[in-house]
Amino acid sequence: MSAGTDMAHFSYIVSLLERAKVTIKNIERELICPACKELFTHPLILPCQHSICHKCVKEILFTLEDSFTDAGSESSNQSSPRIRMHSPSMDRIDRISRSGRKRNSLTSRTTMFPCPGCQHDIDLGERGISGLFRNLTLETIVERYRQAARAATAIMCDFCKPPAQESTKSCMDCSASYCNECFKVYHPWGTVKAQHEYVGPTTNFRPKILMCPEHEMERVNMYCEICRRPVCHLCKLGGSHANHRVTTMSTAYKTLKEKLSKDIEYLISKESQVKSQISQLGLLVKETECNGERAKEEASQNFDKLFEVLQEKRSVALRAIEASKNLRLEKLQTQIEEYQGLLENNGLVGYAQEVLKETDQSCFVQTARQLHVRIQKATESLRSFRPAAETSFQDFVMDIARQEEILGDLSFYSNGLDVPEINEEKSKIYNRAVISWENPGKADSADIYVLEYRKLNKDEESATWQEVEVCRKSKVISDLDTNSSYIFRVRGYKGSICSAWSKEVIFHTPPAPVFSFLFDNKCGYNNEHLFLNPRRSSVESRAGFPLLLGAERIQVGCYTTLDYIIGDTGIAKGKHFWAFRVEAHSYLVKVGVASSTKIQEWLHSPRDVTSPRYEQDSGHDSGSEDTCFESSQPFTMVTLGMRSFFIPKAPAAPKDSASRILPMPSCIGVCLDYEKGKVGFYDADHMKCLYERQVDCSGVMYPAFALMGGSGIHLEEPIVANCLEYQDDI
Numbered sequence: 004m005s006a007g008t009d010m011a012h013f014s015y016i017v018s019l020l021e022r023a024k025v026t027i028k029n030i031e032r033e034l035i036c037p038a039c040k041e042l043f044t045h046p047l048i049l050p051c052q053h054s055i056c057h058k059c060v061k062e063i064l065f066t067l068e069d070s071f072t073d074a075g076s077e078s079s080n081q082s083s084p085r086i087r088m089h090s091p092s093m094d095r096i097d098r099i100s101r102s103g104r105k106r107n108s109l110t111s112r113t114t115m116f117p118c119p120g121c122q123h124d125i126d127l128g129e130r131g132i133s134g135l136f137r138n139l140t141l142e143t144i145v146e147r148y149r150q151a152a153r154a155a156t157a158i159m160c161d162f163c164k165p166p167a168q169e170s171t172k173s174c175m176d177c178s179a180s181y182c183n184e185c186f187k188v189y190h191p192w193g194t195v196k197a198q199h200e201y202v203g204p205t206t207n208f209r210p211k212i213l214m215c216p217e218h219e220m221e222r223v224n225m226y227c228e229i230c231r232r233p234v235c236h237l238c239k240l241g242g243s244h245a246n247h248r249v250t251t252m253s254t255a256y257k258t259l260k261e262k263l264s265k266d267i268e269y270l271i272s273k274e275s276q277v278k279s280q281i282s283q284l285g286l287l288v289k290e291t292e293c294n295g296e297r298a299k300e301e302a303s304q305n306f307d308k309l310f311e312v313l314q315e316k317r318s319v320a321l322r323a324i325e326a327s328k329n330l331r332l333e334k335l336q337t338q339i340e341e342y343q344g345l346l347e348n349n350g351l352v353g354y355a356q357e358v359l360k361e362t363d364q365s366c367f368v369q370t371a372r373q374l375h376v377r378i379q380k381a382t383e384s385l386r387s388f389r390p391a392a393e394t395s396f397q398d399f400v401m402d403i404a405r406q407e408e409i410l411g412d413l414s415f416y417s418n419g420l421d422v423p424e425i426n427e428e429k430s431k432i433y434n435r436a437v438i439s440w441e442n443p444g445k446a447d448s449a450d451i452y453v454l455e456y457r458k459l460n461k462d463e464e465s466a467t468w469q470e471v472e473v474c475r476k477s478k479v480i481s482d483l484d485t486n487s488s489y490i491f492r493v494r495g496y497k498g499s500i501c502s503a504w505s506k507e508v509i510f511h512t513p514p515a516p517v518f519s520f521l522f523d524n525k526c527g528y529n530n531e532h533l534f535l536n537p538r539r540s541s542v543e544s545r546a547g548f549p550l551l552l553g554a555e556r557i558q559v560g561c562y563t564t565l566d567y568i569i570g571d572t573g574i575a576k577g578k579h580f581w582a583f584r585v586e587a588h589s590y591l592v593k594v595g596v597a598s599s600t601k602i603q604e605w606l607h608s609p610r611d612v613t614s615p616r617y618e619q620d621s622g623h624d625s626g627s628e629d630t631c632f633e634s635s636q637p638f639t640m641v642t643l644g645m646r647s648f649f650i651p652k653a654p655a656a657p658k659d660s661a662s663r664i665l666p667m668p669s670c671i672g673v674c675l676d677y678e679k680g681k682v683g684f685y686d687a688d689h690m691k692c693l694y695e696r697q698v699d700c701s702g703v704m705y706p707a708f709a710l711m712g713g714s715g716i717h718l719e720e721p722i723v724a725n726c727l728e729y730q731d732d733i
């Protein structure tokens with residue numbers, strides 16, 4: 004694709020935008036770098052199709068190298084570091100741009116780059132920044148935007164006699180600007196200069212030529228339909244695109260131009276519809292505001308009614324308590340007065356003493372009879388003292404627990420709204436937690452859901468619930484503690500109505516931070532027997548002609564070897580966990596860890612493949628030979644196959660072979676504690692340890708796998724908050 008053709012294409016798109024009366028200001032947000040939040044400067048296109056400034060890529064890689072140096076291998080189980088802009092030395096930046104970060108000593112160099120646009124780690128390959136294309140079209144658009152922002156300073160013709168006229172064209176070949184008259188003079192019709200490429204007035208005359216990153220002296224002239232990127236003829240002849248489906252650049256240009264033109268014309272034709280929908284949304288905004296105010300007013304009125312009822316109940320309760328208090332005080336006061344009368348020289352005692360002074364017998368009897376009755380009552384009162392009234396007001400204590408519960412659930416609960424159910428099969432916890440739920444009933448589903456979760460802790464049974472508002476029926480939760488249990492519940496809201504809480508579900512987090520890696524296709528990888536998917540996240544071992552040919556050569560029997568493959572990232576310290584799934588039809592799979600101190604020796608030493616003593620799974624069951632083999636190999640593994648999990652023989656293991664066979668979990672986890680020298684194998688669905696043993700961690704440890712026959716292993720993919728979407732250009 005020539006530069007002139009490309010610019011004509013760009014001019015066509017610009018003309019469509021101008022016809023739609025779209026100002027350059029409206030596309031400003033498309034011209035901002037997601038890293039530095041400024042206009043793009045020399046943007047590069049990442050494999051995920053997002054663009055980022057060239058300087059920002061270098062600065063982010065510089066930050067990553069510092070983080071990797073400080074944290075060692077532990078960085079592999081941490082989330083990608085967020086962007087911290089530095090001012091690194093230029094020699095350091097240039098060195099990073101020329102090479103990628105080395106993931107381990109046994110594999111080729113590669114660069115993992117955290118894209119600021121999609122928040123995913125992108126593999127830049129061995130060439131790093133050098134393998135990225137410039138986004139020349141975006142550069143041109145940014146330059147046009149800059150010129151529009153500097154509209155007050157017009158670009159003047161370089162050839163006019165004073166006073167110079169404002170230029171209308173700029174020649175990319177002459178690197179000069181012209182007015183209409185001067186352009187005709189210096190580019191006369193019928194000459195070579197008439198064929199020069201011209202654009203609108205600009206000060207950016209840098210050549211717009213795409214060169215192949217792998218073959219720097221070759222221009223790209225073809226398009227790889229498999230990789231969706233421009234390539235040169237050397238890439239097709241003997242490079243990495245030799246077996247790919249490749250088309251001419253003109254065909255790719257025509258196809259993409261037609262699609263893009265149709266899409267733009269469709270958008271322009273729907274301008275009136277978009278305006279109508281914008282007006283409709285404006286009305287909905289006003290309606291929402293009115294309905295919101297009305298709902299607030301209704302809620303306020305309802306609470307006022309509740310306040311009135313409570314105020315009335317409060318007044319009745321206070322009046323009853325006050326009346327009871329006054330009655331009791333009156334009785335107690337009367338009792339106090341009676342007892343005060345029993346004191347000497349006071350009241351009844353004093354009166355009785357005066358009566359005793361009476362000498363006339365008939366008068367004394369007449370008065371003393373009634374007085375004696377009163378004295379007897381007072382004496383009995385002294386013998387059995389009892390207050391005339393209770394001091395406690397327990398009769399007036401109200402039990403408001405039920406009312407508190409009702410008021411606490413005053414979320415306008417309705418039986419017409421489904422109670423959501425957490426789907427335990429779709430939910431899982433790995434590096435993060437993804438919780439999914441569904442509405443099993445036929446009632447109206449909710450508009451918004453509230454997901455609550457808390458950590459189960461024996462010491463803190465009343466831990467606080469953490470609340471998350473969700474618009475969909477799933478949510479990714481981060482920042483969960485490792486080796487912990489969490490309880491989850493969810494409820495739905497529709498307007499002012501809410502459902503009841505779902506049944507609480509408990510999930511267990513991995514015993515250690517999740518360790519991220521891919522299968523290594525460089526170190527000891529047997530591509531005749533093993534097949535990797537393009538992402539290097541799955542490996543298969545297929546029993547076919549190689550196995551039959553091996554049987555033909557060995558007449559006495561067929562003792563085949565296991566095909567080993569390791570992870571592309573090693574562990575030098577810390578505690579790490581990873582999980583994978585084994586195909587149910589797998590015949591024989593071994594999983595575990597491998598030591599770097601013996602891997603090279605193991606993979607390059609000659610081995611007798613015809614001897615049954617070499618094959619550890621051949622059935623040759625000599626204890627001394629097992630010990631010798633165990634000490635010589637660098638792998639520490641357990642065996643899986645035929646839907647079973649086999650616990651290795653050991654002094655502490657059961658002697659009965661049947662008791663050493665467990666059902667194979669759907670997801671198997673491995674936990675390596677480097678400092679303690681322990682490796683454990685888990686049922687990753689329930690985070691239950693099935694088997695644990697000691698391991699020599701004298702060197703760098705790698706995840707290790709071995710397959711034989713028809714087998715397959717799929718690495719558990721980390722849970723991400725957003726799905727990475729690649730645009731289908733063509």
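One point on numbering: in this note's numbering, the residue at position 310 of the sequence shown is 313, and numbering is uninterrupted.
Note that beta-carbon positions come from the ideal geometry of N, C-alpha and C, so glycine has one too.
query, result
"Bounding residues of the beta strand (DSSP E) (the contiguous stretch that carries Glu695)", "Lys691 to Gln697"
"Rounded straight-line distance, which links the Cα of His53 to that of Ser647", "45 Å"
"Straight-line Cα distance separating Arg231 from Glu472", "39 Å"
"Secondary structure of Gln276, DSSP reduced to three states", "helix"
"Glu424 (DSSP reduced to helix, strand or coil)", "strand"
"Residue-level contact to chain D via CB, Ile132, 8 Å cutoff", "As a matter of chain content, chain D is missing from the structure shown, which is built from one protein chain."
"Where Lys40 falls: helix, strand or coil (DSSP)", "coil"
"Cβ-Cβ distance between Asn434 and Val508 below 8 Å", "no"
"Thr205 - DSSP class collapsed to helix/strand/coil", "coil"
"Reference Tyr489, options Ile602, Gln397 and Met690, closest by Cα", "Met690"
"Opposing strand residues paired with Glu470 [DSSP bridges]", "Glu455"
"Under 8 Å between C-beta atoms of Met736 and Thr251", "Outside the shown range of the chain, which is 4 to 733, sits residue 736, and nothing can be said about it."
"According to DSSP, residues forming a beta bridge with Trp192", "In the DSSP output, where bridge partners are listed per residue, Trp192 has none listed."
"Limits of the alpha helix (DSSP H) - the one that Cys238 falls within", "His236 to Gly241"
"Where Lys360 falls: helix, strand or coil (DSSP)", "coil"
"The stretch 518-536 / the stretch 564-574 touching (three or more Cβ pairs under 8 Å)", "yes"
"7 Å CB neighbourhood of Gly644 in its chain, flanking five on each side removed", "Ser589, Tyr590, Leu591 and Val592"
"Three-state secondary structure (DSSP) of His218", "coil"
"Close Cβ partners of Asp566 (< 8 Å) along its chain, the five nearest in sequence each way excluded", "Asn529, His532, Leu533, Ser544, Ala709, Leu710 and Met711"
"C-alpha distance - Thr467 paired with Leu330, whole-angstrom precision", "47 Å"
"Buried versus exposed call for Ile671 [16 or more other C-beta atoms within 10 Å across all chains shown]", "buried"
"Buried/exposed call for Met640, threshold 16 Cβ in 10 Å", "buried"
"CB of Arg222 within 8 Å of CB of Cys235, strictly", "yes"
"Own chain, CB closer than 6 Å to Ser541, minus 5 neighbours either side, in chain order", "His717"
"Burial state of Cys121, where buried means 16 or more other Cβ atoms lie within 10 Å", "buried"
"Nearest to Val202 (by Cα), restricted to the options Glu184, Asp176, Met401 and Glu407", "Asp176"
"For Ile409 and Glu311, the rounded distance between their alpha carbons", "17 Å"
"Opening and closing residue of the beta strand (DSSP E) in which Leu533 lies", "Leu533 to Leu535"
"Extent of the continuous beta strand (DSSP E) to which Ile664 belongs", "Ile664 to Pro666"
"Inter-residue spacing [alpha-carbon to alpha-carbon] between Val288 and Trp192", "59 Å"
"Within 8 Å, strictly: CB atoms of Gly577 and Val682", "no"
"C-beta atoms of Thr171 and Cys182 nearer than 8 Å", "yes"
"Phe491 beta carbon less than 8 Å from that of Phe510", "yes"
"Under 8 Å between C-beta atoms of Cys39 and Cys51", "no"
"Nonlocal neighbours in the same chain, by C-beta distance under 6 Å from Arg584, ignoring five residues either side", "Cys670 and His717"
"Nearest-angstrom Cα separation, counted from Met159 out to Cys215", "36 Å"
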